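Written out below as structure tokens is the structure these notes cover.
Residue numbers (my numbering): 41 to 262.
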């Protein structure tokens with residue numbers, strides 16, 4: 041009995057192992073050498089846009105064109121511009137030089153003397169004395185004295201007025217201008233203005249002196 045049971049178990053295990061081996065088999069399929077392989081082609085895209093020709097930056101010059109071939113116009117002499125006659129808006133005087141560029145008076149012997157510029161009577165307590173070079177501004181210099189006292193030792197005359205306020209004493213007040221030089225040309229030239237205490241011009245004089253001579257003006261206070 042034991043032998044039969046052992047034989048039965050042996051047969052059963054043999055059948056099971058056979059089934060397991062059958063289920064674990066790997067089936068290999070080999071490709072036949074005559075089978076054609078598919079070819080892959082890359083798609084081609086054809087452009088549907090036309091070709092564009094870019095414009096040129098510069099135009100081609102005509103080989104026949106030349107500046108020499110241009111007509112030579114005749115000069116317009118009728119409408120020629122003359123700047124000395126102005127533009128019709130202002131009157132131009134080209135023959136007159138500005139005041140400060142005019143020629144100085146000639147230093148003749150007639151200026152080799154002292155000059156009396158006159159006198160005035162006033163009732164003010166003070167006046168303003170102003171002077172300037174009214175001809176060519178060429179470095180004229182003067183000394184100024186009041187009643188024999190030096191109040192300006194050396195003054196250079198310019199084109200604009202300069203001066204001082206003068207307190208007046210009762211009676212005559214003598215103001216003297218001595219020419220220290222004659223500048224670069226001509227005599228020592230100047231314009232003298234006297235103003236009252238309100239700024240009103242009450243006297244205007246001029247002098248032309250050679251070096252060392254003087255011009256005198258007297259202001260008499262009542």
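Beta carbons are placed, not taken as given, at the ideal position from N, Cα and C, and that holds for glycine.
Keep in mind it's a predicted model, so treat the numbers as computed, not measured.
- Counting other Cβ atoms within 10 Å of its Cβ, residue 202 stays below 16 and is therefore classed as exposed.
- Of the residues assessed, residue 224 falls on the exposed side of the cut-off, its CB having fewer than 16 other CB atoms within 10 angstroms.
- In the three-state DSSP reduction, residue 171 falls in the strand class (E or B).
- Rounded to the nearest angstrom, the gap between the Cα atoms of residue 221 and residue 162 is 32 angstroms.
- Across the set 182, 189, 251 and 165, the C-alpha of 251 shows the shortest separation from the C-alpha of residue 226.
- If the five residues before and after residue 186 are omitted, its C-beta is found closer than 6 angstroms to the C-beta atoms of 215, all from its own chain and listed in chain order.
- Here the segment 154-172 makes contact with the segment 236-255; the two share three or more CB pairs at distances below 8 angstroms.
- About 11 angstroms separates the beta carbons of residue 230 and residue 155, which is beyond the 8 angstroms limit, so they are not a contact pair.
- Bounds of the beta strand (DSSP E) holding residue 196 are 189-196.
- Excluding five sequence positions before and after residue 260, the CB atoms of its chain that fall closer than 8 angstroms to its own CB belong to 159, 160, 161, 162, 211, 212 and 213, given in chain order.
- C-alpha of residue 209 to C-alpha of residue 169: approximately 15 angstroms in a straight line.
- Only residues of its own chain outside the window of five on either side were considered, and among them 231 have a CB closer than 6 angstroms to the CB of residue 174, listed in chain order.
- In the three-state reduction of the DSSP assignment, residue 149 falls in the helix class.
- Membership of residue 256 in the beta strand (DSSP E) is indicated by the continuous run 254-261.
- In the DSSP assignment, residue 230 falls within the beta strand (DSSP E) that extends over 228-235.
- Around the C-beta of residue 176, 16 or more other C-beta atoms lie within 10 Å, and the residue is accordingly described as buried.
- The C-alpha of residue 204 lies about 26 angstroms from the C-alpha of residue 153.
- The beta carbon of residue 198 lies closer than 7 angstroms to those of 172, 173 and 177 in the same chain, with the five residues before and after it left out.
- For residue 209, the secondary structure class from DSSP, reduced to helix, strand or coil, is coil.
- Under DSSP, residue 160 takes part in a beta bridge, and its partners are 259.
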